[in-house]
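Asker:
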Amino acid sequence: MGDSKNMGLNTICAHVGEVKDEQFKGAISPLYMSSSYAYENVDVKRYPRYFNTPNQEALGKKIAALEHTESGMIFGSGMAAVSHCLLAFLQKGDHIVLQKTLYGGTYNFVVEEFHKFGIEYSFTDGFSEADFRRELQPNTKVIYVETPSNPLMLITDLQMISNIAKEHGLVSMIDNTFASPVNQNPADFGIDIMIHSATKYMGGHSDICAGAVAASSAHMERIWNLSKNIGGSLSDYTVWLLERSLKTMALRVKAQNKNAKRMAKWLQQHPLVEKVHYPGLKDHPDYDLAKRQMRGFTGMLSFELIPSVDAEAFMQALQLIKQSMSLAGVESTILSPAKTSHALLSAEERAHQGISDKLLRFSVGIEEKKDLVNDMEQAFHKVAKSNAVMQD
73 MGDSKNMGLN TICAHVGEVK DEQFKGAISP LYMSSSYAYE NVDVKRYPRY FNTPNQEALG
133 KKIAALEHTE SGMIFGSGMA AVSHCLLAFL QKGDHIVLQK TLYGGTYNFV VEEFHKFGIE
193 YSFTDGFSEA DFRRELQPNT KVIYVETPSN PLMLITDLQM ISNIAKEHGL VSMIDNTFAS
253 PVNQNPADFG IDIMIHSATK YMGGHSDICA GAVAASSAHM ERIWNLSKNI GGSLSDYTVW
313 LLERSLKTMA LRVKAQNKNA KRMAKWLQQH PLVEKVHYPG LKDHPDYDLA KRQMRGFTGM
373 LSFELIPSVD AEAFMQALQL IKQSMSLAGV ESTILSPAKT SHALLSAEER AHQGISDKLL
433 RFSVGIEEKK DLVNDMEQAF HKVAKSNAVM QD
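Oh and the sequence shown: position 36 is 108 in my numbering, straight run, nothing missing.
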């Protein structure tokens, strides 16, 4: 296998990080299910909790190649990846700056658990350089962002974050789940650690739960030193399934990008939709920034219904688009962030972030656009007709 730096994205997805089937010459990676390996006269002492079984190790190389880094690791969930990275670089007395517009699970982990470790934290109110610099303290060690944001699809300037981190000797981390490596490579802007819920675009079929991290070898060694003690590794069968899914990630995500942009434009013109949040729309406040640092605008968007439309009734009326948790599968799904990803935030906190009860997050799949439009149109018609009956 040649240098992945000279390979195209689809080639990396299909070939880098394969386990060679030396015995039978099969076309795909063999699956090594053993939880026990020899320790005498071997180059590597392998153990599942050490993240170095043949399948775990190989998949880490694919993740690293996709994110343009030296090393990668696979975890049991996205939150396992998040928590291991944060705890690897923070200890008692340290401080971290985070965006307030984070995935709800990350936000809750920080506010509910950090006090147990004596770790201090600050959340920014905005996305500007001044907003981040304002929160820096002498004991700050990490700066953590998520872009595009969930669920309003706001964009953070990665070069700006990298510059601040390097100026102050901080470790920069990003949750790159919403973009995926297909659309965005934060390492190219100098971000140190890339984190993913691999359950989402990397898995892509709504059938596995996993997390991934990509970073330099030095940073990854620090993460590994903690992780081998905490034990958030992933079973080899799921590792094998994730490698299979990654082979088609670029094809899937590009199709989802295309569909999402079409649906965003269609929703923007609909009389029952008040606002659409998608960075690929030219009237999005961060359109120019997104265009500069992303290759595609993702398959995720959110939109707000006009006040007279019952959001729950609209979702219930959908027939093709599933009302479902999670995101980024090949099938289109929709949910209310206020009732799911951000349910643990108070109503005041959600309002402060701009997350209303009328806001719906739409994970666009690979279906034909006309079928998605038809499904939404019949649901809009149904709730509009219901409103008219109620008003009569």
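By construction, the Cβ of each residue, glycine as well, lies at the ideal position given by its N, Cα and C atoms. Owing to the predicted nature of the structure, the values given are computational and were not obtained by experimental measurement.
(1) Report yes if the CB atom of Ala132 is closer than 8 Å to the CB atom of Gly150, and no otherwise.
(2) Could you please give me the residues that DSSP links to Tyr193 through a beta bridge?
(3) If you scan the stretch 255-328 from start to end, which runs of the alpha helix (DSSP H) of 4 or more residues do you find wholly inside it?
(4) By Cβ distance, which residues of its chain are closer than 6 Å to Tyr273, with the 5 residues on each side in sequence left out?
(5) Along the chain, which unbroken stretches of the beta strand (DSSP E) at least 3 residues long are found entirely within the stretch 212-248?
(6) Can you tell me the Cα-Cα spacing of Gly148 and Asp279, whole angstroms?
(7) Out of Ala152, Lys411, Gln231 and Leu138, which has the shortest C-alpha to C-alpha gap to Ala86?
(8) Just the Cα atoms here: how many angstroms apart are Asp447 and Pro379?
(9) For Ala433, which of helix, strand or coil comes out of DSSP?
(10) Does any residue of chain B have a CB that is nearer than 8 Å to the CB of Asn257?
(11) What three-state label does DSSP hand Gly401 in the structure shown?
(12) Kindly indicate the opening and closing residues of the alpha helix (DSSP H) around Met42.
(13) Tell whether a beta-carbon distance below 8 Å holds between Val285 and Ile295.
(14) Distance check for Tyr309 and Gly98, CA to CA, integer angstroms please.
(15) Measure the C-alpha to C-alpha separation of Ser106 and Ser76 and round it to an integer number of angstroms.
(16) Buried or exposed for Arg364, going by 16 or more other Cβ atoms inside 10 Å?
(17) Distance check for Glu129 and Gly437, CA to CA, integer angstroms please.
(18) For Ser458 and Phe452, what's the separation of their Cα atoms in angstroms?
(19) By alpha-carbon positions, which one of Phe123, Leu103 and Met266 ends up nearest to Asn301?
(20) Residues in the same chain with beta-carbon distance under 7 Å from Pro126, minus the five sequence neighbours each way, listed in chain order, please.
(21) So is Val88 buried or exposed if we call it buried at 16+ other beta carbons inside 10 Å?
(22) Between which two residues does the alpha helix (DSSP H) carrying Gly132 extend?
(23) If you compare alpha carbons, which of Ser404, Ile100, Leu298 and Leu390 is closest to Gln163?
(24) Look at the Cβ atom of Ala259, then the Cβ atom of His140, and state whether they are nearer than 8 Å.
(25) Alpha carbon to alpha carbon, what distance is there between Met372 and Asp464?
Answerer: Well, looking at it:
(1) For the purposes of this step, residue 132 is taken as the residue at position 60 of the sequence shown. For the purposes of this step, residue 150 is taken as the residue at position 78 of the sequence shown. The residue you asked about is not Ala; residue 132 is Gly in the sequence shown. No, Cβ-Cβ distance for Gly132 and Gly150 is not below 8 Å.
(2) Counted from its first residue, the sequence shown places residue 193 at position 121. DSSP, once it has assigned bridges, lists Ile168 as partnering Tyr193.
(3) 289-302 and 308-318
(4) Translated into positions along the sequence shown, residue 273 becomes position 201. Ser252, Val325 and Ala400.
(5) 212-218 and 243-247
(6) The count along the sequence shown starts at 1 and reaches residue 148 at position 76. The count along the sequence shown starts at 1 and reaches residue 279 at position 207. C-alpha separation (whole angstroms): 13 Å.
(7) Translated into positions along the sequence shown, residue 86 becomes position 14. Taking only the C-alpha atoms, the option nearest Ala86 is Leu138.
(8) Within the sequence shown, numbered from 1, the residue matching residue 447 stands at position 375. Within the sequence shown, numbered from 1, the residue matching residue 379 stands at position 307. Their Cα atoms are separated by approximately 21 Å.
(9) Locating residue 433 in the sequence shown gives position 361, counting from the first residue. For the record, residue 433 in the displayed sequence is Arg; it is not Ala. Residue state, collapsed to three classes: strand.
(10) Among the protein chains of the structure shown there is no chain B, as only one such chain exists.
(11) Locating residue 401 in the sequence shown gives position 329, where the first residue counts as 1. Looking at Gly401 - three-state DSSP - the assignment turns out to be coil, as it is neither helix nor strand.
(12) Nothing can be reported for residue 42: it is not among the residues displayed for the chain, which extend from 73 to 464.
(13) Walking along the sequence shown from the start, residue 285 turns up at place 213. Walking along the sequence shown from the start, residue 295 turns up at place 223. Yes, these two residues count as a Cβ contact at 8 Å.
(14) Residue numbering aside, residue 98 sits at position 26 when the sequence shown is read from its first letter. Residue numbering aside, residue 309 sits at position 237 when the sequence shown is read from its first letter. Cα to Cα, Gly98 sits roughly 17 Å from Tyr309.
(15) Within the sequence shown, numbered from 1, the residue matching residue 106 stands at position 34. Within the sequence shown, numbered from 1, the residue matching residue 76 stands at position 4. Rounded to whole angstroms, Ser106 to Ser76 spans 29 Å at the Cα level.
(16) Counting from one through the sequence shown, the residue named residue 364 turns up at place 292. With fewer than 16 other Cβ atoms within 10 Å, it is exposed.
(17) Counting from one through the sequence shown, the residue named residue 437 turns up at place 365. Counting from one through the sequence shown, the residue named residue 129 turns up at place 57. Looking at the two C-alpha atoms, the distance is approximately 30 Å.
(18) Position 386 of the sequence shown holds residue 458. Position 380 of the sequence shown holds residue 452. About 10 Å.
(19) Numbered from its first residue, the sequence shown carries residue 301 at position 229. The shortest Cα separation from Asn301 among Phe123, Leu103 and Met266 belongs to Phe123.
(20) Here the question's residue 126 lines up with position 54 in the sequence shown. Counting only Cβ-Cβ distances below 7 Å, and skipping sequence neighbours, we find Val91 and Tyr104.
(21) For the purposes of this step, residue 88 is taken as residue 16 along the sequence shown, with counting starting at 1. The residue is buried, with at least 16 neighbouring Cβ atoms inside 10 Å.
(22) Working through the sequence shown from its first residue, we reach residue 132 at position 60. Counting along the chain, the alpha helix (DSSP H) containing Gly132 begins and ends at Pro126 to Leu138.
(23) Mapped onto the sequence shown, residue 163 falls at position 91. The shortest C-alpha separation from Gln163 is found at Leu298.
(24) Within the sequence shown, the letter at position 187 stands for residue 259. Within the sequence shown, the letter at position 68 stands for residue 140. Against a cut-off of 8 Å, the Cβ pair of His140 and Ala259 comes out as a contact.
(25) Along the sequence shown, one-based indexing puts residue 464 at 392. Along the sequence shown, one-based indexing puts residue 372 at 300. In this prediction, Asp464 scores a pLDDT of 38, lower than 50, which makes its location untrustworthy; the coordinate-derived value is nonetheless stated afterwards. So the alpha carbons of these two residues sit roughly 37 Å apart.
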